[in-house]
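A short write-up of the structure that comes next.
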Amino acid sequence: MGDTWVLVADEAKARFFRYQPRKEILDEFETLAHPQRRLQTSELIEDKPGRVFDSAGDGRHSMGQPTDPHEQEALRFAREIAGKLDLARARNEYDSLMVVAAPAFLGILRDTLSGEVRKRVAHEAAKNVVHMGREDILRQLRH
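Just so you know, we're using the numbering used here here: the sequence shown kicks off at 48 and counts up by one.
This is how it looks when you write it as structure tokens:
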């Protein structure tokens, strides 16, 4: 098809664009929101940690959370984005992909992309531009 997609994302929002570099056209066609990322840690944790006995002695203590709830939400959202990109790749909806994501989220996203999608990544940048307008995002793509 020859289409280039641009993904602009952070932990709470992902915007998908079709990009025509020769004509300088960036056409947004979908936005995904992940409002759970904005929740407080206490709102993300369903239960309080359990309590355990010490292996030696009479002490008890609570068990902590194994991972940060915000990191888990970011990973969940990255997997959702990766699934969408993989499905679109299987349907040949794009040939190349440009990824511009907030620095911390870019690493998470990169780890969740399938090998086939990663082969189509032509450019990536660690910048948080998800809330910028179309013209500002175009300027970022030129650099």
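Backbone N, C-alpha and C fix where the C-beta goes; we use that ideal spot for every residue, glycine too.
Cβ neighbour criterion (16 or more within 10 Å) applied to residue i
{"i": "His178", "result": "exposed"}
{"i": "Thr78", "result": "exposed"}
{"i": "Phe63", "result": "buried"}
{"i": "Glu58", "result": "buried"}
{"i": "Ala56", "result": "buried"}
{"i": "Phe76", "result": "exposed"}
{"i": "Ala61", "result": "buried"}
{"i": "Ala137", "result": "exposed"}
Collapsed DSSP secondary structure at residue i in the structure displayed
{"i": "Glu140", "result": "coil"}
{"i": "Gln62", "result": "Going by the sequence as given, residue 62 is Arg instead of Gln. Three-state result, Arg62: strand."}
{"i": "Val177", "result": "coil"}
{"i": "Leu185", "result": "helix"}
{"i": "Leu91", "result": "Confidence at Leu91 is low in this model, with a pLDDT of 42, below 50, so the placement of that residue should be treated as unreliable; the coordinate-derived value is given next. Three-state result, Leu91: helix."}
{"i": "Asp74", "result": "strand"}
{"i": "His81", "result": "coil"}
{"i": "Leu39", "result": "Lying before the first or after the last residue shown, residue 39 is absent from the chain, which here runs from 48 to 190."}
{"i": "Ala149", "result": "coil"}
Nearest-angstrom Cα separation, counted from residue j out to residue i
{"i": "Leu54", "j": "Ala135", "result": "13 Å"}
{"i": "Arg174", "j": "Leu188", "result": "Note that residue 174 corresponds to Lys in the displayed sequence, not to Arg. Approximately 11 Å between the Cα atoms of the pair."}
{"i": "Glu182", "j": "Pro82", "result": "25 Å"}
Closest by C-alpha distance to residue i, when choosing among the options
{"i": "Lys166", "options": "Ile184, Asn175, Gln119 and Asp133", "result": "Asp133"}
{"i": "Phe191", "options": "Ala148, Leu144 and Arg189", "result": "Missing from the structure shown is residue 191; the chain here goes from 48 to 190 and no further."}
{"i": "Asp50", "options": "Ala56, Ile155 and Val168", "result": "Val168"}
{"i": "Ser143", "options": "Ile155, Asp158 and Glu171", "result": "Glu171"}
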